Every structure is written in structure tokens, then in C-alpha cells.
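Report on one structure; see the data block that follows.
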Amino acid sequence: MEYRHIIDSDRCKGCGLCVDVCPQKVLEISCEINTKGYFPAYQARPEDCIFCATCCLMCPDVAITISENVHDFAEQEI
Amino acid sequence: MSKTFKKPECLSDLHTHYCPGCTHGIIHRLVAEVIDELGIKGRTVGIAPVGCAVLAYNYFTFDFQEAAHGRAPAMATGIKRVRPDLIVFTYQGDGDLASIGMGEIIHAANRGEKFTTIFVNNAVYGMTGGQMAPTTMPDQRTTTSPFGRNVKEVGMPIKIAELLSALETPGYITRQSVVKPKYIVRAKKAIKKAFQYQIEGRCFSLVEVVSTCPTNWGLTPVQAIKWAEETMLPYYKLGEFKVPE
Amino acid sequence: MEIDLDGIVIIAGNYGSGKTEVSINLAVNKKRSGIDVCIADLDLVNPYFRTREVKGLLSELGIDVIVPPEKYLQADLPILSPVISGMIRQPCGLTLLDAGGDDVGVNVLAALADSLGGKKYNMIQVVNPFRPFTDTVKGCLKMRSEIEKASKMTINGIIGNANLIDETSVEDIYNGYDFVKQLSKESRLPLRFVTVAAALMPDIDTTRFHCPVLQIERQLVPPWKRAVSIKPVI
Amino acid sequence: MGKVLMKGNEAIGEAAIRAGCLNYFAYPITPQSEVAEYLSRRMPEVGGMFLQGESEVAVSYMLFGASACGERVFTTSSSPGVSLMSEGLSYISGAQCPAVFVNIMRGGPGLGGILPSQGDYFQATKGGGHGDYRLLVMAPASVQEAVEMVMTAFPLAEKYRNPVMILGDGLIGQMMEPVEFPDDLASEPVNKDDWATSGMDTRKSENRNLVKSLYLSSEELNKHNLHLKAKYDRMRREEIRYEKYNIDCDYKALIVSYGTMSRVCKTAIDNLKKEDFKVGMIRPQTLFPFPEKAVNEAASKNSCKIVISIEMSMGQMVEDVERAVIGKRPVRWYGKCGGDVPTPEEVIDVIKSMVKEA
Numbered sequence: 044m045e046y047r048h049i050i051d052s053d054r055c056k057g058c059g060l061c062v063d064v065c066p067q068k069v070l071e072i073s074c075e076i077n078t079k080g081y082f083p084a085y086q087a088r089p090e091d092c093i094f095c096a097t098c099c100l101m102c103p104d105v106a107i108t109i110s111e112n113v114h115d116f117a118e119q120e121i
Numbered sequence: 566m567s568k569t570f571k572k573p574e575c576l577s578d579l580h581t582h583y584c585p586g587c588t589h590g591i592i593h594r595l596v597a598e599v600i601d602e603l604g605i606k607g608r609t610v611g612i613a614p615v616g617c618a619v620l621a622y623n624y625f626t627f628d629f630q631e632a633a634h635g636r637a638p639a640m641a642t643g644i645k646r647v648r649p650d651l652i653v654f655t656y657q658g659d660g661d662l663a664s665i666g667m668g669e670i671i672h673a674a675n676r677g678e679k680f681t682t683i684f685v686n687n688a689v690y691g692m693t694g695g696q697m698a699p700t701t702m703p704d705q706r707t708t709t710s711p712f713g714r715n716v717k718e719v720g721m722p723i724k725i726a727e728l729l730s731a732l733e734t735p736g737y738i739t740r741q742s743v744v745k746p747k748y749i750v751r752a753k754k755a756i757k758k759a760f761q762y763q764i765e766g767r768c769f770s771l772v773e774v775v776s777t778c779p780t781n782w783g784l785t786p787v788q789a790i791k792w793a794e795e796t797m798l799p800y801y802k803l804g805e806f807k808v809p810e
Numbered sequence: 252m253e254i255d256l257d258g259i260v261i262i263a264g265n266y267g268s269g270k271t272e273v274s275i276n277l278a279v280n281k282k283r284s285g286i287d288v289c290i291a292d293l294d295l296v297n298p299y300f301r302t303r304e305v306k307g308l309l310s311e312l313g314i315d316v317i318v319p320p321e322k323y324l325q326a327d328l329p330i331l332s333p334v335i336s337g338m339i340r341q342p343c344g345l346t347l348l349d350a351g352g353d354d355v356g357v358n359v360l361a362a363l364a365d366s367l368g369g370k371k372y373n374m375i376q377v378v379n380p381f382r383p384f385t386d387t388v389k390g391c392l393k394m395r396s397e398i399e400k401a402s403k404m405t406i407n408g409i410i411g412n413a414n415l416i417d418e419t420s421v422e423d424i425y426n427g428y429d430f431v432k433q434l435s436k437e438s439r440l441p442l443r444f445v446t447v448a449a450a451l452m453p454d455i456d457t458t459r460f461h462c463p464v465l466q467i468e469r470q471l472v473p474p475w476k477r478a479v480s481i482k483p484v485i
Numbered sequence: 033m034g035k036v037l038m039k040g041n042e043a044i045g046e047a048a049i050r051a052g053c054l055n056y057f058a059y060p061i062t063p064q065s066e067v068a069e070y071l072s073r074r075m076p077e078v079g080g081m082f083l084q085g086e087s088e089v090a091v092s093y094m095l096f097g098a099s100a101c102g103e104r105v106f107t108t109s110s111s112p113g114v115s116l117m118s119e120g121l122s123y124i125s126g127a128q129c130p131a132v133f134v135n136i137m138r139g140g141p142g143l144g145g146i147l148p149s150q151g152d153y154f155q156a157t158k159g160g161g162h163g164d165y166r167l168l169v170m171a172p173a174s175v176q177e178a179v180e181m182v183m184t185a186f187p188l189a190e191k192y193r194n195p196v197m198i199l200g201d202g203l204i205g206q207m208m209e210p211v212e213f214p215d216d217l218a219s220e221p222v223n224k225d226d227w228a229t230s231g232m233d234t235r236k237s238e239n240r241n242l243v244k245s246l247y248l249s250s251e252e253l254n255k256h257n258l259h260l261k262a263k264y265d266r267m268r269r270e271e272i273r274y275e276k277y278n279i280d281c282d283y284k285a286l287i288v289s290y291g292t293m294s295r296v297c298k299t300a301i302d303n304l305k306k307e308d309f310k311v312g313m314i315r316p317q318t319l320f321p322f323p324e325k326a327v328n329e330a331a332s333k334n335s336c337k338i339v340i341s342i343e344m345s346m347g348q349m350v351e352d353v354e355r356a357v358i359g360k361r362p363v364r365w366y367g368k369c370g371g372d373v374p375t376p377e378e379v380i381d382v383i384k385s386m387v388k389e390a
């Protein structure tokens, strides 16, 4: 099964809780500002992601999703 | 187990007004997930408090009422007494529930009203700007306890879960937290259990959730979850305090 | 027919059955026939229209009226005058205890058990079939058993007090009489008397009744009405 | 069903049931506790619901919650209790929920006393709670009228999505009068699907409903308040009720009085008539909206020298009477409170001396 880890950068408030709890240290806070004026989290090392969803669990803003349907997300990203 | 993760249906698309790292968002999501999973969206009525979660009604996609400060348990009582078929929950903070609404919550719990209360304890008044709450920790600085909570003058923080579990009326009373992923998993289970007790018409249920307020605590979100863990959790012990027989 | 009642008489009944008005008029009636009368206001539950409102008038007639101390007369407090137990221990010709309404109103009697112990008394239930909860025989019997339970005493008679105050018709009085007659039969409690408002008296054929009639000169009236003036006892 | 003899408080409770309201939350307070006592027996007989709340504050929100999910609901209290409910009244009005409140007034301020009074006129008609809200206020003068007003109150509350208050004084609650319950005043609750939080399944709707009184933007809040004002203006056009008494003669004085006080005034007017001293009366049955036009017209009669507001309060309604008369005639006040109800004789003396001075 193939999974996708997506951070909706405009939903993200850059609180960094996901960065703190990621067991693989995949995430970091970006230097680029989002439309709301926050510096969002991003996957600095996506290859290390094990899709454990710990970051999703901790995110207060439901900004992170994990999908197994690649096509759905391709559409959403447009 | 599926590894996918997405926003629950009961949560609206709106971005919340909460500060970065505020754990209200996590608790909202858990409640929404539970209502999704139980399939009760069409008969659920939520009650928003006065406090930071005053706009909670914007973030859910089912019927909602907005209460005055502390009065949510009375409104929930009103609904459940005239429409016992509805699933009703109040979402209240520590100023709302443990201070101005103490009378309402104790009597609702003692009557065994069959609704669910999600009680968010972050040891401070959020909405009004960081004043001392009944649950503020000893020596914790707030805008109305600038030298730290002086327990000799204002007493010790109130432990709501313990207080309510002292009532003889059967109920489900538990304290959970969302400051660590493993706590979040447990908190969701507790919230689900609380709603299930309600659906079965068994008892009043309350889930106290130890959470954070980085902005008013003057900490970063990550420092805040650590402060909650180190300072609050030893005092506010997690666990089930009362389970109906 | 004379009303045959003396000694300790407790007037009980449901809320608004007319206990107080009956008590006042019974007191006056007995006083007129030369019997010493004292009356105690035991109504601790009703805030308005109590015996205490007509204390002055009854005192003028030479009737002893026991009410709570003057300063508490209009208080929202359940005050039981200590004089009451004394008056029970040494009753006069007719000692009337005007109890409060329903089972709640007679609770106080249980508190007087020590004084009443071993004494002979009559506890009588006032019934107005135009009142809710006592508009059926069944309702009256239920009220009776609730009163007996709360007071720990036994009811041994009935007073028929059928009325719609100013709107009472002759027909209402006759129907009310038939009702209490039936109640008396089913409960096996004697019908002690029925009441008729003074103004209606001329239109009533009292030979229709097989019990005494107490004429009611209404005293407990709202402020825009005048009470029926009671002539002094000679 | 024929007439029954009922205490005002019992009749009020029964009237709500007959109107189709089977939900009652309350907290005991003299002189209206008989409503709760009556309904605690009666509600189980009709499959209704009675709950004694922990305080009047809580009770007002029980009403709010129940009403907000679309059910008919009412409560009764007396002055100090209504003060506590005023917070809820403000929220319920702001959230536009229908509910019926009965205030059997006792003397105040503070604990005051338990005897009849009309001291809550301002509280009822001018608001009591915070913000720009109004209650539709009806004042019965007899037990029968209390029954009819309670029964009318439910459809009115639903028509305006606003609380309706029945303002009676202690005597209305405590006295006994024969009553009849008119069948034609019974009414079914209206459909509330467009706003009530009755559960989406109940409405078979995909859209959720939200009941709230919070408006964060000033523009929205102003708009909301203008909407409320438009409702209150509509009440002023459509709901004014009053009784004229002895108004077809050339009266020297016009009395304005309501509730128990108006019955004393009627006796006074009748007695004065025997002396050929003519006095007219307007008895407001709605206190908000106040019958301004009727009072103004009655005051304008050539023969009328003076308008007297007679109240069991220290001069509250007189302010509305003055507003209505707009300086056309001198307006005076007479009143007593705390249970000391003026007698017909006192009222006669007052009228005579005020007419003489005018």
C-alpha cells in the first residue's frame, strides 16, 4: 500500500508540536511564510516517514493528512 | 490498522481562531471523530461555553447552542429533559465550569443528567486575557496573580474530576490529557466511552482534559506541553475516577 | 339541626378547600350559641388568606385566636406558636385547629403529637368538589389518606364546602351536597355539616339536607371586596 | 368542562398544560410556590415534565436549552427569583427563543416581603437584564384572565420568537376564583425547523441549526439589534391590549392601573358613580407594548382634568403614562407597596383631592 503524507501549509499555524513528537525527526518548520502569516511545518526528510500518524494526532489544526489514494490528493493539490 | 488520517466529517473546514499550539483543536477533533464513529451527528446538539471555545460552534457541522458563562450544564439539562433522544454535550473551560458555573455542573452531575461534558482544564482564563482560574497551579503567574497563585489567600487549585466523583449519584468521571500522543489516544477512548454511556442512557459523563495555553502561559507550544506534563499532571492525576456499575 | 362538635377539632383538607373560612365561621357559630371557643392558625404553608388576617374581628367576638407572634405575622417563616400545645392540653368548649393545606399542611400536627397524645379529638376533612384533585370521590379518598399519613392521625368526618365563591349557584350547592353524601357513603365517614354562603341562604331548601348547615359569612376577601359584617355576639 | 375553583398559581400551571406546554422548570419562592407544587402532581398525570432546578439562574437556562431545541417550555417565579432569571432572559431574547415566564410579584427591593406588589414594572417592561431587548408583558387582573394570558402567551412567544412575561402580583397568585379553561386557546407549537437545534435527523435536513446571541462584528450586532427592534415595533402595532372602564361618560379624572390594583380602582369608580362623581379608567393588559394611544385619547377628553397612575409601586408605570399623555393633562401618581394594597376608600379620597387640586 502506498501512502502520502500531506501538510496543508495554509492550515498550519507553525506551532511545532508535530516537529516535537515525530519519532523519526522528519519534520521541520519552514522559513517560508504561509497565507495566514505563519511559518508552516514541512517534511524535511520525507524518505524517513513511516506514516505512523503521530504528527496527525498531535496537530491541533488538522493540517496533516495521510492518504492511501494518490489520485485524490493529486486533485486536491491543484 | 489503516494508516490513513483525515479530518473528521463532524469538523467544519473553517480554520480555528485558536493560537498556534492551542490544544483546543486536538480536543475538537477527538470529539468530532467520536461523533463520526458513533454515527450520531444527526441527533447531536453541542453547547459552546463562554471562554476561548466560545466560537466552538463554528468548527462543528451539527446543531449547536451557545450558552452564557457557566450555564451550559443547565442548558444541556433543559434539552435532555425535553428531548432525551438527543445526544448532548457541553464543551467548557476551567473558568466557565469550575468558577462561575460550579453550581450548574455539580447539580447536573448529581441529578445524573444524561449528557456529556468535555471539560478543558488549562489552568488559566484564556478568553479574558490570562487571569487566574480556580485550576491555576500554586505559584503560577497570571494577570491577576502577578506574584504567583498564593494558595494561602485563594486556596488550592480545584480538582474537578475528584470533586464530582465524590457524588453518590452514578456517573462516568475521568481525567485525561492531550499533551502527548499517547495521552491523546487514551483521551479519545475516554470521550467515546463518555458518549456511549450517554447513548445507553446510563449516566452523566465528564471528561476533564488537561491541556495548554501557550499564549497566556508565556511559553512556546512545545514548552507548554512540557510544562503541563511536569507541573500539572503530578497534581491533576490522569485516570478514571468514577465508572458506573 | 345543630352542628354537633366540641373539644379539639382539627380542620384539615386540601389546599383551598376552604378550611380557614370554615374554621372562622364555625368558631363564630359556636360562640354565638354560647360555647367558649379558641382557634389556632396552624397554617405554616400558605402565605396569604390565613386566620391571622381576621384575628382582630374574632377577638372582638371574644374568641381566643392563637397566631404567631405579631412581628412574624406576615413572615415567610414556618413559626409554630408555643401557646398551641398549651391550648391543646387544656382545651376549651371548642378548640379549633386550622391546619394548612394538603398533606404538607398537616405535617405540623405530627409535631404536636406529644400534646395531643391520649386526647380525644375530631379531625375533619373539608371538601370542595369544585377544587382540583378533590373533584372525584377517589381524589378525596387519596387526599384523606395522604393527610392521615402526614399527620399520623385519623380523619373521622367530612365537611361539605362546595362553592365557587361569588359565582356559586343553588344548583352547585345541591350538587355539592350529593357529592359529599356519596363520599360519606363510600368512605363511611359521617358528614358533619355542609356550608352555604349567607347570601345564598334564602334560596336554599335546607330540608333537602340530612345534615346541619353552616352559614358562611365570608371574611377572607380580596382588598376590593368587603367582608360580610359579623354582628357582635350578645 | 365547567368552572372550577382555583388559586391563581394553580390555574397558571393548569393553563400552561391546557395551552399545550408540558415542560416546566422552576425554583420555589413565595408567593408562587403553589405552581410548582401543583405541577409536581399534575405533570405526571399528563405525561409532562417538571424539574426543580438548583437556582433561578439555572432554571432560566434550562428553559433556554429546551426552547432552543424547539420545545414549548415555561417557568414561574417571584421578584427576587426573576432578578436571577434576568440574565437568562437577556440571552434567550438575544438568541430569539420563545419561552413563557410568569412573575408573581412580591414586595422589594432585596428580599422585601412576601405580600403583593407591582414593584417589578420597570424590570419587566424596560429590561432587567442587559442589552436592547424587550419582553412582551401581560398583566392579568383576575385568575380567569391569568389563565387566558398564559394560554395566549405560548403562540405569541412563538410568533415573535421572544420570551413573553406574565406579570401578576401576589394576590393574583394567591387568591381563589372560579375559572374555566377555554378550549379555543389551546394551540399546537409552530414548526421551528428553520432555526431550532432539534437534531438534524429530526428535521431530515443536511443543514445544521445554530442558536446563539454572540455577534462579533459591530455591523452584524447592529443589524441583529435592528431586527430585534423591528420585532418590538411590530408588537407595538399588533399586540396592544387594554380594557376601558367607565369611559363613555364625562369623567373628571382618568385612572390608569393594572392587575389587582385595577380591581380596587373599579370598586372605587363604582362607588364614586353612586355619588355622581365620574371617573374613567384604562387598564393596560399589555404593559409592553403599553397602550399609549388609548391613554392619550382617553386623557384628551374635554371633561378630564387629571390622569392618575395608581400602582402598588412607588411610581413606575406613571412614567409610561406621562409619555403617553405628552403633557396634555397633569399626570399624578398614587401608590403603596409591600402588601399594603390601597383600599377603595383610600383611592376615592385620593381621586377627590387630586381632582380638586387640578
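Protein chains in written order, with this note's numbering: chain A, 44 to 121; chain B, 566 to 810; chain C, 252 to 485; chain D, 33 to 390.
Yeah, the Cβ is synthetic: ideal placement off N, Cα and C, and Gly gets one too.
Please read these numbers as outputs of a predicted model, since none were measured by experiment.
**OP:** Using beta-carbon positions only, say whether C:GLU377 and C:SER438 come within less than 9 Å of one another.
**Re:** Strictly speaking, residue 377 of chain C in this sequence is Val, with Glu absent from that position. No, they are not a contact pair.
Original post:
Can the beta-carbon of D:THR62 be found less than 9 Å from the beta-carbon of D:SER110?
Top reply: yes
Original post:
Thinking C-alpha only, which one of C:VAL479, C:ALA478, C:GLU468 is nearest C:ASN280?
Top reply: C:GLU468
Subject >> Meets three-Cβ-pair contact criterion under 8 Å: the stretch 337 to 357 of chain C and the stretch 265 to 285 of chain C >> reply: yes
Original post:
What first and last residue would you give for the alpha helix (DSSP H) that runs through B:ASP601?
Top reply: 589 to 603
Subject >> Delimiting residues of the beta strand (DSSP E) encompassing D:PHE320 >> reply: 318 to 320
**OP:** Report back the beta-carbon spacing between C:LEU348 and C:ILE409 to the nearest angstrom; my notes put them in contact at under 8 Å.
**Re:** With a Cβ gap of about 17 Å, C:LEU348 and C:ILE409 do not count as contacting.
Subject >> Beta-carbon gap between A:CYS92 and A:VAL69 smaller than 9 Å >> reply: yes
Original post:
Thinking C-alpha only, which one of D:MET75, D:VAL89, D:GLY140, D:SER149 is nearest D:THR292?
Top reply: D:SER149
Subject >> Start-end ranges of the beta strand (DSSP E) lying completely within the stretch 740 to 792 of chain B, minimum 3 residues >> reply: 769 to 775
**OP:** Please report the residue range of the beta strand (DSSP E) in which D:GLN176 lies.
**Re:** From DSSP, D:GLN176 is part of no beta strand (DSSP E) but of the alpha helix (DSSP H) over 175 to 192.
Subject >> Per DSSP, cross-strand counterpart(s) of D:CYS129 >> reply: For D:CYS129, which the question treats as bridged, DSSP gives no partner whatsoever.
Original post:
What residues from chain B crowd round D:ASN241, counting only those whose CB sits closer than 7 Å?
Top reply: ASP628
Subject >> Beta-ladder partner(s) of A:LEU70, from DSSP >> reply: A:GLN86
**OP:** Would you decide whether C:ASP255 is buried or exposed? Buried here means 16 or more other CB atoms lie within 10 Å of its CB.
**Re:** exposed
Original post:
Which ranges would you report for the beta strand (DSSP E) in the stretch 290 to 372 of chain C if only whole runs of at least 3 residues count?
Top reply: 315 to 317, 345 to 350
**OP:** Could you tell me which residues DSSP puts in a beta bridge with D:TRP365?
**Re:** D:SER341
Subject >> Classification of B:ASP650 by the beta-carbon crowding that lies within 10 angstroms, buried from 16 upward >> reply: exposed
Subject >> Paired residues, beta bridge with D:PRO32 - DSSP >> reply: What the structure shows of chain D is the stretch from 33 to 390, and residue 32 of chain D is not part of that stretch, so it cannot be assessed.
Subject >> Positions along the stretch 377 to 404 of chain C whose CB lies within less than 8 Å of some CB in chain D >> reply: ASN379, PHE381, ARG382, PRO383, PHE384, ASP386
**OP:** Closer than 7 Å by C-beta to D:ALA43: which residues in its own chain qualify, once you throw out the five before and the five after it? Chain order, please.
**Re:** VAL175, ALA178, VAL179, VAL211
Original post:
Hey, does B:GLY668 have any beta-carbon neighbour from chain D nearer than 9 Å?
Top reply: yes
**OP:** Spell out whether any CB of chain B is found under 9 Å from the CB atom of D:THR108.
**Re:** no
**OP:** Please list the residues of the stretch 180 to 214 of chain D that have a C-beta atom closer than 9 Å to any C-beta atom in chain C, keeping them in chain order.
**Re:** GLY202, LEU203, GLY205, GLN206, MET207, MET208, GLU209, PRO210
Original post:
From the DSSP output, which residues share a beta bridge with C:GLY264?
Top reply: C:VAL377
**OP:** Pull up the DSSP beta-bridge partners for D:PHE106, would you.
**Re:** D:TYR56, D:VAL132
Subject >> Cβ-Cβ distance between D:PRO376 and D:ALA300 below 9 Å >> reply: yes
Original post:
Can the beta-carbon of B:THR700 be found less than 9 Å from the beta-carbon of B:TYR801?
Top reply: yes
Original post:
Got a sec? Which residues, its chain only, sit under 7 Å from C:PRO380 by beta carbon, not counting five neighbours each side?
Top reply: ASP386, ALA413, GLY427, PHE430
Original post:
Going along chain D, which residues have a C-beta under 7 Å from B:GLY695?
Top reply: Per Cβ cutoff of 7 Å: no residues; B:GLY695 is ~20 Å from chain D at best.
**OP:** Using a Cβ cut-off of 9 Å (strictly closer), state whether B:THR642 contacts chain D.
**Re:** yes
Original post:
Taking Cβ-Cβ distances shorter than 8 Å, what residues in chain D pair up with B:TYR622?
Top reply: LEU242, LYS244
Subject >> Backbone secondary structure at B:MET566 - three-state DSSP >> reply: Unreliable placement is indicated for B:MET566, whose pLDDT of 40 sits below 50; the coordinate value is still reported in the next sentence. Reduced to three states, the DSSP call for B:MET566 is coil.
**OP:** With a 10 Å radius around its C-beta and 16 neighbouring C-beta atoms as the bar for buried, classify C:CYS289 as buried or exposed.
**Re:** buried
Subject >> Proximity to D:PHE320 [Cα-Cα], best of D:GLY202, D:LEU147, D:TYR165 >> reply: D:TYR165
**OP:** For chain D, find out if any of its Cβ atoms is closer than 9 Å to the Cβ of C:GLY264; answer yes or no.
**Re:** no
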